[in-house]
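J.: Numbering (our numbering), first residue to last: 2 to 70.
Provided herewith is a single structure, encoded as structure tokens, for subsequent inquiry.
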């Protein structure tokens, strides 16, 4: 994955109404478990509007911070 911002499919975020105007920072905030609160971490450390713990493939589970657009 590149360091550039990537568009995130609204289905991945569980966004209702088809709001496709979401991007993520591409910065992983360490490892997390599914119950881990990535929202608080992402809002405090990155000024994000949302954060979630998601499977990243080679990196395992990590917080992905959604920064909006």
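Yeah, the Cβ is synthetic: ideal placement off N, Cα and C, and Gly gets one too.
1. What are the residues that DSSP puts in a beta bridge with residue 62?
2. For the alpha helix (DSSP H) containing residue 38, name the first residue and the last one.
3. On a Cα-Cα basis, can you pick out the residue from 24, 55, 68 that is closest to residue 34?
4. Looking only at C-alpha atoms, which of 26, 51, 57 sits nearest to residue 38?
T.: In short:
1. 56
2. Run containing residue 38: none; DSSP gives neither H nor E here.
3. Ranked by Cα distance from residue 34, the first of 24, 55, 68 is 55.
4. Distances from the alpha-carbon of residue 38 to those of 26, 51, 57 put 51 closest.
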